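Read the structure below first, then the notes.
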Amino acid sequence: MACLVCGNRTSAGASLCSRCFKRIEDPVQNLDLAADPMADIRFTAKNSAILRIGPSFVGEVHLDKGMDHSLTFDRMVGGADRSHIPSFIDKYFSDLGVGLVLTGEERVPSRKLIGDIITAAEGMELEGAYWGKACLRMGNIISLAVRKAALLPLEPSDSFALVDGLRRRAKAMYDRALKYPDLTEIAERNMAKMEGWAMSEGRA
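Residue numbers (my numbering): 7 to 210.
Here it is in structure tokens:
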């Protein structure tokens, strides 16, 4: 077979060569996760984040029509007060249709902000119930990417690297959620489902 991008020879069943595969910057962001065509209309009509200016004793961020979500998140990350980040992430992904329980039937719209949030959150150490739920939802998004990646027609070594890398990222998010008793059982079930998707392709 030949690579669909550059035309170089590939292994049987592989449609993308290793060189072209390495050009993928963020697999979570670039994988098609069966986008819901109505997500844009539903989400725009329902919610937008309003950034609180200055310190606040309220542990959650309220969403309403207004400021762009990407700008809001960037300002939160760059600010001294990060107390609203967990509730922002939890609410944002909840409104995009990412539940706490992983079903495999989620229809997540394609958003650059999704990958940006996950990448930023992987370097954060926050606490609280909202953070636990946010990590659970992020783990679910990465798990959906695991399922999709396991079916991609890549070179065997590239396929293993992609699936295993995503699997580890999902597990790290679920491990954070496991710290919260109310989320432990859900996180364990979601993680088992994700591991099953990876193992079903013989790559875990």
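Ideal placement from N, C-alpha and C gives every residue a C-beta, glycine not left out.
Note that this is a predicted model, so its numbers are computed, not measured.
In chain order, what residues of the same chain lie with their CB nearer than 6 Å to the CB of residue i, ignoring the 5 residues before and after it?
i, result
"Met-200", "Ser-149, Val-152, Ala-176"
"Phe-99", "Arg-143"
"Ser-76", "Leu-119"
"Cys-23", "Cys-9, Asn-14, Thr-16"
"Glu-194", "none"
"Asp-188", "none"
Am I right that residue i and residue j are in contact with their C-beta atoms under 8 Å? What's the rounded C-beta distance?
i, j, result
"Arg-173", "Ala-204", "5 Å"
"Ile-124", "Phe-79", "About 11 Å separates the two Cβ atoms, so there is no contact after all."
"Pro-92", "Gly-134", "6 Å"
"Ile-147", "Val-107", "Not quite, the Cβ-Cβ distance comes to about 13 Å (not below 8 Å), so this is no contact."
"Ala-156", "Ser-206", "7 Å"
Taking buried to mean at least 16 other C-beta atoms within 10 Å of its own C-beta, is residue i buried or exposed?
i, result
"Ser-89", "buried"
"Asn-14", "exposed"
"Met-197", "buried"
"Gly-145", "buried"
"Gly-121", "buried"
For residue i, which residues of its own chain have a beta-carbon under 8 Å away from its beta-carbon, when the five flanking residues on both sides are left out?
i, result
"Thr-109", "none"
"Phe-27", "Leu-160, Glu-161, Asp-164, Leu-168"
"Leu-132", "Arg-88, Ile-91, Pro-92"
"Val-83", "Ile-91, Ala-126"
"Ala-18", "Met-7"
What does the alpha-carbon distance come out to for the pair residue i and residue j?
i, j, result
"Ala-20", "Cys-12", "13 Å"
"Arg-25", "Leu-158", "15 Å"
"Ile-192", "Arg-29", "35 Å"
"Ile-95", "Gly-171", "22 Å"
Under 7 Å Cβ to Cβ from residue i, same chain only, skipping five residues before and after it: list those, please.
i, result
"Ala-8", "Asn-14, Arg-15, Thr-16"
**Prompt:** Is it true that the segment 178-186 meets the segment 135-146, where meeting means three or more beta-carbon pairs spaced less than 8 Å apart?
**Reply:** yes
**Validate contact between the segment 156-164 and the segment 113-123 using beta carbons, cut 8 Å, 3 pairs** = no
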